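The structure appears below as structure tokens.
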Amino acid sequence: MPTLPRTYRDERDFLHRAIRFASRQGHIHRFLVLGAGLPYTRPIHDDVLPHPRGMVVYADHDEYVTAHVRLVEPELPQIAAVRGDFLEPGTIFFDDAVRTLLRHGSPIGLVLTGVLETVADTDQATTALRCYTERLPAGSVVIATHATVEGLDAGDTADATLAEHRRILCDTYGRTAHRPPQHLRTTEELRQILGCLRLIPPGITHTSAWHNPRLAHGDRPVESLCLAAVAHLRRPRTPPSSAGHLRSVDGGTR
Ligand SMILES: C[S@@+](CC[C@H](N)C(=O)[O-])C[C@H]1O[C@@H](n2cnc3c(N)ncnc32)[C@H](O)[C@@H]1O
Numbered sequence: 649m650p651t652l653p654r655t656y657r658d659e660r661d662f663l664h665r666a667i668r669f670a671s672r673q674g675h676i677h678r679f680l681v682l683g684a685g686l687p688y689t690r691p692i693h694d695d696v697l698p699h700p701r702g703m704v705v706y707a708d709h710d711e712y713v714t715a716h717v718r719l720v721e722p723e724l725p726q727i728a729a730v731r732g733d734f735l736e737p738g739t740i741f742f743d744d745a746v747r748t749l750l751r752h753g754s755p756i757g758l759v760l761t762g763v764l765e766t767v768a769d770t771d772q773a774t775t776a777l778r779c780y781t782e783r784l785p786a787g788s789v790v791i792a793t794h795a796t797v798e799g800l801d802a803g804d805t806a807d808a809t810l811a812e813h814r815r816i817l818c819d820t821y822g823r824t825a826h827r828p829p830q831h832l833r834t835t836e837e838l839r840q841i842l843g844c845l846r847l848i849p850p851g852i853t854h855t856s857a858w859h860n861p862r863l864a865h866g867d868r869p870v871e872s873l874c875l876a877a878v879a880h881l882r883r884p885r886t887p888p889s890s891a892g893h894l895r896s897v898d899g900g901t902r
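For the sequence shown, the working numbering begins at 649 and goes up steadily by one.
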């Protein structure tokens, strides 16, 4: 898939623009990253920790991810790795580092890049996200990306090849040990998942198009093969729904 580097570079660049946007516009310096993935160059905490109140909690259900974060990232109280399943919010919320992150009631950034596509059922992804947003402090934002082939021209050979490669990539995840396949979604399906939130303009775009002053003339953002959005919690906040009961690791609810 010759365009794979572009897809991931665009996603990463979007993530950094979104983090900077959240810290400048929303004064958000604390982030919870769900489905964090293995450590990579330009980690989020490089952008965040220069701020005195900066903190990043990386959460992933893969023990190799949490082990690597603990191994390679600086040992600082402002960086934590949590092993938890984002579809079981209790495994995330009851962790001490996440409690610390949320303790002060200041808004946080919830980051879901490259992870919503692991959930096959759109309703399940919608319910899971609502379980988080109902518990986040007012003013918090959600930063999300999602794999897509939307916008490609099915009648164009090059576009059709791109779409085919993206589909193969999604399936390949499922053939890798202990990983679910990824699922493509459209703007409307991502909008449904983010339904409890207010999208920040320009709304859902391809990753390379979101607040990108460097987008080159003639660039085709659809070739990012990935959607992006930053959204605010709506106000007033509604009390957590019954679907939002947290199940702790020991099975109790709160
Ligand atoms: C494609 S990687 C994306 C990593 C990173 N967020 C990024 O943008 O590069 C997906 C990550 O999500 C994690 N993941 C998948 N399903 C998860 C779940 N239900 N709970 C927590 N982590 C999950 C995987 O272990 C993997 O590390």
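We put the CB at the ideal spot given by N, CA and C, even for glycine.
Given the structure is predicted, the values throughout are model-derived calculations rather than measurements.
C-alpha gap between residue i and residue j, whole angstroms
i: Glu871; j: Thr805; result: 13 Å
i: Val720; j: Asp801; result: 42 Å
i: Gln726; j: Leu680; result: 12 Å
i: Trp858; j: Ile852; result: 8 Å
i: Thr761; j: Arg783; result: 20 Å
i: Arg902; j: His677; result: Any reading at Arg902 needs caution, since the residue's pLDDT is 44, under 50, leaving its predicted position unreliable; the model's value is listed next. For Arg902 and His677, the distance between alpha carbons rounds to 27 Å.
i: His716; j: Ala728; result: 11 Å
i: Ala786; j: Gly753; result: 8 Å
i: Asp898; j: Pro737; result: With a pLDDT of 42 at Asp898, under the threshold of 50, the predicted position of this residue should be treated as unreliable, though the coordinate-derived value follows. So the two alpha carbons sit approximately 13 Å from each other.
i: Phe741; j: Arg882; result: 21 Å
i: Ile667; j: His675; result: 10 Å
i: Arg751; j: Pro698; result: 20 Å
i: Arg665; j: His880; result: 16 Å
i: Gln840; j: Gln772; result: 11 Å
i: Val878; j: Asp695; result: 17 Å
i: Arg846; j: Ala876; result: 14 Å
i: Tyr656; j: Ser856; result: 10 Å
i: Ala707; j: Thr739; result: 10 Å
i: Thr793; j: Arg654; result: 15 Å
i: Leu652; j: Arg718; result: 28 Å
i: Ala745; j: Met703; result: 10 Å
i: Ser896; j: Gly732; result: Per-residue confidence for Ser896 stands at a pLDDT of 42, beneath the threshold of 50, marking its modelled position as unreliable; the derived number appears in the next sentence. Looking at the two C-alpha atoms, the distance is approximately 11 Å.
Closest by C-alpha distance to residue i, when choosing among the options
i: Arg815; options: Gly803, Pro828, Thr796; result: Thr796
i: Gln830; options: Tyr656, Gly822, Glu837; result: Gly822
i: Ala768; options: Pro691, Cys818, Arg747, Thr748; result: Cys818
i: Tyr780; options: Asp661, Leu652, Leu682, Thr655; result: Leu682
i: Thr714; options: Glu812, Phe662, Tyr688; result: Tyr688
i: Leu735; options: Thr834, Arg778, Asp694; result: Arg778
i: Ile848; options: Ser856, Gly732, Gln673, Glu812; result: Gln673
i: Ser788; options: Leu749, Asn860, Gly732; result: Leu749
i: Glu798; options: Val759, Glu836, Leu863, Glu723; result: Glu836
i: Thr775; options: Leu810, Thr739, Leu842; result: Leu842
i: Ala864; options: Thr834, Asp658, Glu723, Thr651; result: Asp658
i: Ala670; options: Pro650, Val746, Thr834, Val759; result: Val759
i: Cys844; options: Val763, Phe662, Val790; result: Val790
i: Leu663; options: Gly757, Gly732, Arg731; result: Gly757
Strand pairing of residue i, partner residues [DSSP]
i: Ala792; result: Leu760, Ala877
i: Arg882; result: BP columns for Arg882 are empty, so no partner.
i: Phe669; result: Looking at the DSSP assignment, Phe669 forms no beta bridge with any residue, so it has no partner.
i: Phe679; result: Val704, Gly757
Item to check | Minimum length 4: unbroken alpha helix (DSSP H) runs contained in the region 681-738 | outcome: Annotation: the region 681-738 contains the following complete segments of the alpha helix (DSSP H) (minimum length 4 residues), in chain order: 692-696, 711-720.
Checklist entry - Going along the chain, which unbroken runs of the beta strand (DSSP E) with 3 or more residues stay wholly within the region 737-770? => result Unbroken beta strand (DSSP E) runs of no fewer than 3 residues, entirely contained in the region 737-770, are found at 757-760, following chain order.
Checklist entry - Taking only runs of the alpha helix (DSSP H) that begin and end inside the region 810-864, which ones reach a length of at least 4 residues, in chain order? => result Counting only runs of 4 or more, we get 835-841.
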